[in-house]
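Trainee:
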Amino acid sequence: MAIHEPGRRLMQAVPLKFVQKKISGGGQRATNASLSLTSMIDFLVVTVVFLLMTFNASGETPLDKRIKLPKAQNTMDMVDAPMVAISGSTILVNGTPLTGSTRDIEDNKRMQRIDELFNALSRRKDQWTRVTPNKPFPGVVILQIDQDVPAVVVKSVFQTAAFAGYPNVSFMVNTMPKSATE
Amino acid sequence: MGGIDVGGGKGGRRALDSEVNMIPFIDLLMVTISFLLITAVWTHMTRIAADAQVPGPPNLDEPTPVEPEKRLHVEMQSPDKFVLSWKQGANVISSVDVPRKDNVVVGPGGTKSVHYPELAQKIEAEWKNFGSHRDPSDKKFDTAILHTDNETPFVYMIGVIDAIYSAHRGLAAGGSKVEQVPAFNVTFAVN
Numbered sequence: 001m002a003i004h005e006p007g008r009r010l011m012q013a014v015p016l017k018f019v020q021k022k023i024s025g026g027g028q029r030a031t032n033a034s035l036s037l038t039s040m041i042d043f044l045v046v047t048v049v050f051l052l053m054t055f056n057a058s059g060e061t062p063l064d065k066r067i068k069l070p071k072a073q074n075t076m077d078m079v080d081a082p083m084v085a086i087s088g089s090t091i092l093v094n095g096t097p098l099t100g101s102t103r104d105i106e107d108n109k110r111m112q113r114i115d116e117l118f119n120a121l122s123r124r125k126d127q128w129t130r131v132t133p134n135k136p137f138p139g140v141v142i143l144q145i146d147q148d149v150p151a152v153v154v155k156s157v158f159q160t161a162a163f164a165g166y167p168n169v170s171f172m173v174n175t176m177p178k179s180a181t182e
Numbered sequence: 183m184g185g186i187d188v189g190g191g192k193g194g195r196r197a198l199d200s201e202v203n204m205i206p207f208i209d210l211l212m213v214t215i216s217f218l219l220i221t222a223v224w225t226h227m228t229r230i231a232a233d234a235q236v237p238g239p240p241n242l243d244e245p246t247p248v249e250p251e252k253r254l255h256v257e258m259q260s261p262d263k264f265v266l267s268w269k270q271g272a273n274v275i276s277s278v279d280v281p282r283k284d285n286v287v288v289g290p291g292g293t294k295s296v297h298y299p300e301l302a303q304k305i306e307a308e309w310k311n312f313g314s315h316r317d318p319s320d321k322k323f324d325t326a327i328l329h330t331d332n333e334t335p336f337v338y339m340i341g342v343i344d345a346i347y348s349a350h351r352g353l354a355a356g357g358s359k360v361e362q363v364p365a366f367n368v369t370f371a372v373n
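Chains as they are written, first to last, in our numbering: chain D, 1 to 182; chain B, 183 to 373.
1. Within 9 Å of any Cβ in chain D, is that where the Cβ of G356 of chain B sits?
2. Kindly list the residues whose CB is nearer than 6 Å to the CB of V363 of chain B, restricted to its own chain and excluding five residues on each side of it in sequence; keep chain order.
3. Just checking my contact of I114 of chain D with G100 of chain D at CB under 8 Å: how many whole Å lie between their CB atoms?
4. Per DSSP, G352 of chain B is paired with what?
5. For chain B, check one thing: does any of its Cβ atoms lie closer than 9 Å to the Cβ of N74 of chain D?
6. On the three-pair Cβ rule with 8 Å, is the segment 285 to 299 of chain B touching the segment 332 to 352 of chain B?
7. Tell me whether the beta-carbon of L51 of chain D lies closer than 9 Å to the beta-carbon of I215 of chain B.
8. Is there a Cβ of chain B sitting closer than 9 Å to that of A161 of chain D, yes or no?
9. Got a sec? Which residues, its chain only, sit under 8 Å from M111 of chain D by beta carbon, not counting five neighbours each side?
10. Does the Cβ-Cβ distance between R229 of chain B and S170 of chain D come in under 9 Å?
11. Measure the C-alpha to C-alpha separation of V360 of chain B and S314 of chain B and round it to an integer number of angstroms.
12. Beta-carbon separation of D324 of chain B and L254 of chain B under 9 Å?
13. Distance check for T90 of chain D and V131 of chain D, CA to CA, integer angstroms please.
14. Name, in chain order, the residues that DSSP records as bridge partners for A326 of chain B.
15. Would you mind sorting P150 of chain D into buried or exposed? The rule is 16 or more other CB atoms within 10 Å of its CB.
16. Got a sec: is the Cβ-Cβ distance from V45 of chain D to anything in chain B below 9 Å?
17. Cβ of L266 of chain B less than 9 Å from any chain D Cβ?
18. I'd like the ranges of any alpha helix (DSSP H) spanning at least 4 consecutive residues and lying wholly in the segment 71 to 127 of chain D.
19. Could you tell me which chain D residues have their CB closer than 9 Å to the CB of S277 of chain B, listed as they occur along the chain?
20. Determine the direct distance from the alpha carbon of Q259 of chain B to that of F118 of chain D, and round the result to whole angstroms.
21. Does the CB of S34 of chain D have a neighbour CB from chain B at under 9 Å?
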């Protein structure tokens, strides 16, 4: 049997023009690009692992949209405690607005007890002690206060919370990494 | 298509090579990434603590202090300087002025931050000189009292409290473990 030089005779039988062009080396550059599955899956797995490690099941702490919190560096982790928000002159306890406001304090520029806040916090403390009579009351309250609220309002809310039985007052802030100011 | 080789199959027998279908596998990874990205919390909220100094019930194990404790008073009423003074009762033990520079940084969304690095350094140095509770076994903390006028915006108060909390000390946390905690408890002066 005679030995023939290999050629492209088989390909000539393919009726598609663009395949013939491609095989024969004519036409333009290929439009299809191949993708390495191994590296792509590696990348996806690493991304999934990273996101799972940074995932927080507790979700985001509820924050009133009108409140702009200041930033701080030397902070502590959040704890589960009643949340008092001061937005403008409105006072909210765990998202529920109270009938009282901080308008009088801002106008008079004098510290005073906020009775509605005092009553709301005292009720919560009573409920807590009724539900868990054997545990000491932690007395923690977290204040969400807008960055531009004057000090007299901050001190009035602070003092009211202390009078209502919450001596451990925390201010909610945005975390700022220490390197940001160095 | 990707495949996993689990050994060669010999003729006649069922092939031991099985193929994993890559398309649903990649779909699953993509859906997981999308879910985690959508539910990710990018803003991390934390807290800065303060102490309202409300006296608790008397502790019989702890003797009543004979003399009042030293306390650091941080005064921020002046626009040019902070005044740091250690007082024991009515006696002023030490007083020092720290120049005040309000470097207000406005971030995205109008969020402000104020930092006083010089004040933080000075407070740390003052605590090292005069602080009473420095031993890791000591459960008590020194007290810093913040004096501010009534009009000062909250962001400036947080800036000063943040500077006070930059001073850290060791605290025994069971066994030989010592953890770093803020050296001061902060409270406000009523005026």
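For each residue, glycine too, the CB sits at the ideal point set by N, CA and C.
Mentor: Judging by the given coordinates:
1. Along the second sequence, one-based indexing puts residue 356 of chain B at 174. With 9 Å as the cut-off, G356 of chain B does not count as an interface residue toward chain D.
2. Position 181 of the second sequence, counted from the start, is the residue given in the question as residue 363 of chain B. Sequence-distant Cβ neighbours of V363 of chain B in its own chain, meaning closer than 6 Å and more than five residues away, are L353.
3. By one-based count along the first sequence, residue 114 of chain D stands at place 114. By one-based count along the first sequence, residue 100 of chain D stands at place 100. Right, their Cβ atoms sit about 6 Å apart.
4. As a position in the second sequence, residue 352 of chain B is number 170, starting the count at 1. DSSP output for G352 of chain B lists B:Q362 as bridge partner(s).
5. Numbered from 1 along the first sequence, position 74 holds the residue referred to as residue 74 of chain D. Yes, contact with chain B.
6. Yes: the two stretches touch, three or more of their Cβ pairs being nearer than 8 Å.
7. Translated into the one-based positions of the first sequence, residue 51 of chain D becomes position 51. Translated into the one-based positions of the second sequence, residue 215 of chain B becomes position 33. At a Cβ-Cβ threshold of 9 Å, L51 of chain D and I215 of chain B count as neighbours.
8. By 1-based counting over the first sequence, the position of residue 161 of chain D is 161. Interface residue, yes.
9. As a first step, residue 111 of chain D must be located in the first sequence, where it is residue number 111. These residues qualify, in order along the chain: I105, V152, K155, S156, Q159.
10. As a working note, residue 229 of chain B is residue 47 in the second sequence. As a working note, residue 170 of chain D is residue 170 in the first sequence. In this structure, the beta-carbon distance from R229 of chain B to S170 of chain D falls below 9 Å.
11. Taking the second sequence and counting its residues from 1, one reaches residue 360 of chain B at position 178. Taking the second sequence and counting its residues from 1, one reaches residue 314 of chain B at position 132. If you take the alpha carbons of V360 of chain B and S314 of chain B, they lie about 18 Å apart.
12. Within the second sequence, residue 324 of chain B is the residue found at index 142, counting from 1. Within the second sequence, residue 254 of chain B is the residue found at index 72, counting from 1. Yes, the pair counts as a contact, with Cβ atoms nearer than the cut-off.
13. Position 131 of the first sequence, counted from the first residue, corresponds to residue 131 of chain D. Position 90 of the first sequence, counted from the first residue, corresponds to residue 90 of chain D. Distance between the alpha carbons of V131 of chain D and T90 of chain D: 29 Å.
14. Here residue 326 of chain B refers to the residue found at position 144 of the second sequence. Note: A326 of chain B sits in a beta bridge opposite B:L254, B:V368.
15. Here the question's residue 150 of chain D lines up with position 150 in the first sequence. So P150 of chain D ends up on the buried side.
16. Taking the first residue of the first sequence as 1, we reach residue 45 of chain D at position 45. Judged by the 9 Å Cβ criterion, V45 of chain D is in contact with chain B.
17. Indexing the second sequence from 1 puts residue 266 of chain B at position 84. Contacts with chain D at 9 Å (Cβ-Cβ) do not include L266 of chain B.
18. The qualifying runs are 103 to 108.
19. Walking along the second sequence from the start, residue 277 of chain B turns up at place 95. Correct list: empty, because the minimum Cβ distance to chain D is about 22 Å.
20. Here residue 118 of chain D is taken as the residue at index 118 of the first sequence, counted from 1. Here residue 259 of chain B is taken as the residue at index 77 of the second sequence, counted from 1. Straight through space, the alpha carbons of Q259 of chain B and F118 of chain D are spaced by roughly 29 Å.
21. Start at 1 with the first residue of the first sequence, and residue 34 of chain D comes out as number 34. Contact of S34 of chain D with chain B is not assigned, every C-beta pair being separated by 9 Å or more.
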